[in-house]
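For reference, the structure is listed below as structure tokens.
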Ligand code: 4AD
Ligand code: MG
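Numbering (the numbering used here), first residue to last: 128 to 608.
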């Protein structure tokens with residue numbers, strides 16, 4: 128078997144037939160008769176399978192028997208124009224090598240469709256389905272496009288730490304990092320746990336955001352971004368929350384809130400366009416999948432647009448830009464508010480719930496909405512304070528079907544204001560002295576935001592549960608695989 132391996136994606140696009148090729152992959156289906164067997168082979172390079180034609184007489188009976196759904200094989204053969212329907216080219220097999228069998232009695236992925244819930248339980252094998260192949264190829268494409276977008280825009284990729292001593296969002300939803308012996312904790316004289324004996328000599332946790340460190344980078348490199356895992360111990364068992372998720376956090380010196388909004392809108396449009404330009408086979412598959420899934424739904428739950436149309440729609444129009452105060456007015460005067468249909472009340476001062484965000488986006492504006500200037504009480508300590516004394520220069524970007532996809536702000540760059548807010552909120556200054564110092568030495572107006580990577584992937588793939596767009600989801604009571 129000396130022929131160099133080709134990827135199925137390249138062969139299917141090939142116009143140059145009648146040549147020797149080698150492919151390796153996993154059998155999706157096998158059909159045929161006593162003379163000839165047709166194998167649909169997939170190697171993950173594309174959603175499409177290549178057809179391998181095996182003349183039974185030329186091969187051992189046992190080999191043919193073992194080529195079942197899920198088995199892994201290598202095929203040497205001739206790439207020829209296909210006579211059959213459904214494909215342009217196929218491979219006429221000359222040699223077949225079997226790497227691994229997959230006993231049909233126990234291999235869980237048989238031909239029939241499986242529910243996403245079932246596939247979550249076999250997340251180690253779900254990559255081998257069309258749906259998850261498509262999702263994870265798109266996830267890769269989006270990660271690549273993010274780096275390309277920022278690289279082309281003079282941003283530097285900054286690796287911020289995963290273990291930190293501070294709580295960037297101040298929400299107290301952190302996973303502790305410690306090497307102390309839980310059964311025998313060292314105590315101080317006051318009976319508290321003595322963290323000076325811990326690995327880092329202080330209390331540490333997994334980061335909830337790389338923002339604070341990204342800000343340090345931005346005050347020298349101008350434009351930076353982080354793209355890494357973040358961890359939140361919030362007990363939210365929703366289709367949009369993970370305990371471990373990936374976040375993209377650009378941070379830009381000399382940007383005000385308007386520049387921040389321009390960047391957020393431009394980036395999201397770039398990423399969606401990238402998916403449309405580069406992932407069409409997978410998007411078409413996922414679009415069809417959704418259409419099938421929605422056949423069983425009642426009329427009022429069916430989406431108005433198919434997946435690809437929905438993505439194209441985002442590119443067409445400017446995002447709406449409103450203040451939190453305007454958003455509250457719209458919500459108060461809305462039909463669901465008047466009919467008492469919202470589960471959570473709407474008053475100036477409350478945080479917007481997902482039902483409110485989706486009303487603004489899906490019913491009122493019918494396009495993405497950027498909301499700014501939230502009450503300071505419901506936002507983090509670092510946001511720039513407005514002159515009204517009540518609001519801060521926060522920015523949330525709301526998307527159809529998702530709700531909040533981006534959270535960010537202009538940052539408070541005035542030392543005294545920031546120090547006062549940190550005190551007011553009861554955050555120990557010893558945890559943040561280094562952050563405050565950037566406001567002491569050459570401070571500049573600056574802004575940034577965080578894009579939830581999985582929420583972006585949810586939107587682009589049309590999947591409805593965040594557990595289905597990350598390879599191995601971590602959620603409350605679940606860290607299998
Ligand atoms: O709004 P958040 O909490 O903002 C920050 O962490 C800022 N430090 C970002 C910044 O300004 N640099 O989170 C940002 C985004 C949210 O809009 C959401 O898309 C996503 O991260 N996100 C989650 N995604 C999945 N699971 C969770 N538990 C998430 N929490 C936030
Ligand atoms: Mg937020």
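Cβ coordinates follow ideal geometry from the N, Cα and C atoms, glycine included.
This one's a predicted model, so the numbers in the text were calculated from it and none came from an experiment.
| query | CB of residue 504 to nearest heavy atom of the ligand MG: below 7 Å? | reply | Not one heavy atom of the ligand MG sits closer than 7 Å to the Cβ of residue 504.
| query | With a CB to CB cut of under 7 Å and the five nearest residues on each side skipped, what residues in its chain are close to residue 394? | reply | Hits under 7 Å: 276.
| field | Supposed contact pair residue 283 and residue 350 - C-beta distance, whole angstroms, cut 8 Å | value | Indeed they touch by this definition, with Cβ atoms about 7 Å apart.
| field | Shell residues, 7 Å Cβ cut-off relative to heavy atoms of the ligand MG | value | Taking every residue with its beta carbon within less than 7 Å of a heavy atom belonging to the ligand MG gives, in chain order, 523, 531, 534.
| field | First through last residue of the alpha helix (DSSP H) which encompasses residue 260 | value | Taken as a continuous stretch (DSSP letters only), the alpha helix (DSSP H) holding residue 260 covers 257-279.
| Run through DSSP, which three-state label would residue 394 get? | If DSSP states are grouped into helix, strand and coil, residue 394 belongs with the helices.
| Chain-order list of residues whose beta-carbon lies under 7 Å from that of residue 513 (same chain, five-residue window excluded) | Excluding residues within five positions, the ones whose Cβ falls inside 7 Å are 500, 519, 520.
| Host alpha helix (DSSP H) of residue 347 (start-end) | Taken as a continuous stretch (DSSP letters only), the alpha helix (DSSP H) holding residue 347 covers 338-348.
| Continuous alpha helix (DSSP H) stretch holding residue 459: start and end | Residues 451-459.
| task | Whole angstroms is fine: what's the gap from residue 489's alpha carbon to residue 437's? | result | Taking the straight line joining both Cα atoms gives about 12 Å.
| query | Does the ligand 4AD have a heavy atom nearer than 7 Å to the CB of residue 299? | reply | The answer is no for residue 299.
| field | Other residues of its chain near residue 457: CB distance less than 7 Å, five sequence neighbours each side excluded | value | Excluding sequence neighbours, residue 457 sits near 487, 491.
| Beta-ladder partner(s) of residue 215, from DSSP | Residue pairing of residue 215 in beta bridges, as defined by DSSP: absent, with no partner found.
| message | On the DSSP letters alone, give me the boundaries of the beta strand (DSSP E) that residue 505 sits inside. | response | Taken as a continuous stretch (DSSP letters only), residue 505 belongs to no beta strand (DSSP E), as it is neither H nor E.
| task | Please name the residue, chosen from 334, 411, 556, 318, that lies closest to residue 298 on a Cα-to-Cα basis. | result | Nearest C-alpha to residue 298: 334.
| Taking the alpha carbon of residue 135 as the point to measure from, which residue in 533, 167, 470, 160 has its own alpha carbon closest? | In this structure, 167 is the residue among 533, 167, 470, 160 with its C-alpha nearest to the C-alpha of residue 135.
| task | Could you tell me which uninterrupted beta strand (DSSP E) segments, each at least 3 residues in length, are contained entirely in the region 538-603, listed from first to last along the chain? | result | For the region 538-603, the continuous beta strand (DSSP E) assignments of 3+ residues that do not extend past its boundaries occur at 573-579, in sequence order.
| query | Taking the alpha-carbon positions, what's the residue 404 to residue 448 distance? | reply | Distance between the alpha carbons of residue 404 and residue 448: 27 Å.
| query | In terms of residues, what are the limits of the beta strand (DSSP E) holding residue 146? | reply | Per DSSP, residue 146 belongs to the beta strand (DSSP E) from 146-159.
| Which same chain residues, not among the five before or five after residue 238, have their C-beta less than 8 Å away from its C-beta? | Counting only Cβ-Cβ distances below 8 Å, and skipping sequence neighbours, we find 156, 196.
| task | Could you give the DSSP three-state label for residue 323: helix, strand or coil? | result | Helix at residue 323.
| Buried versus exposed call for residue 152 [16 or more other C-beta atoms within 10 Å across all chains shown] | With 16 or more Cβ atoms within 10 Å of its Cβ, residue 152 is classed as buried.
| Per DSSP, residue 373 forms a beta bridge with which residues? | Residue pairing for residue 373: DSSP places it in a beta bridge opposite 356.
| said: Going by the DSSP bridge assignment, what does residue 283 pair with across the sheet? | reply: In the DSSP assignment, the residues bridged to residue 283 are 351.
| Which runs of the alpha helix (DSSP H) spanning at least 4 residues fall entirely within the region 390-442, listed in chain order? | 407-421, all fully within the region 390-442.
| For residue 233, does the count of other Cβ atoms within 10 angstroms reach 16, so buried, or fall short, so exposed? | When all chains shown are included, residue 233 counts as exposed.
| said: Please tell me whether, using a cut-off of 7 Å, the distance from the CB of residue 295 to the nearest non-hydrogen atom of the ligand 4AD is below it. | reply: Result yes, Cβ under 7 Å from the ligand 4AD.
| query | Can you tell me the Cα-Cα spacing of residue 506 and residue 170, whole angstroms? | reply | Spanning the alpha carbons of residue 506 and residue 170 requires a straight line of approximately 47 Å.
| N- and C-terminal bounds of the alpha helix (DSSP H) containing residue 191 | From DSSP, the alpha helix (DSSP H) with residue 191 extends over 188-193.
| said: On the DSSP letters alone, give me the boundaries of the beta strand (DSSP E) that residue 208 sits inside. | reply: Taken as a continuous stretch (DSSP letters only), the beta strand (DSSP E) holding residue 208 covers 199-208.
| task | Quickly, what does DSSP pair residue 227 with across the bridge? List them, please. | result | Looking at the DSSP output, residue 227 sits in a beta bridge with 199.
| Contacts around residue 231, its chain only, beta-carbon distance under 6 Å, and the 5 residues preceding and following it disregarded | Here the set comprises 195.
| request: Sort out for me which residues DSSP pairs residue 92 with in a bridge. | output: Since the displayed the chain opens at 128 and closes at 608, residue 92 lies outside it and no answer follows.
| said: Given the structure, does residue 528 come close to the ligand 4AD, in the sense that its CB is under 7 Å from one of the ligand's heavy atoms? | reply: The ligand 4AD has no heavy atom closer than 7 Å to the beta-carbon of residue 528.
| query | How would you write the range of the alpha helix (DSSP H) that residue 289 sits in, first residue to last? | reply | In the DSSP assignment, residue 289 falls outside any alpha helix (DSSP H) and carries neither an H nor an E.
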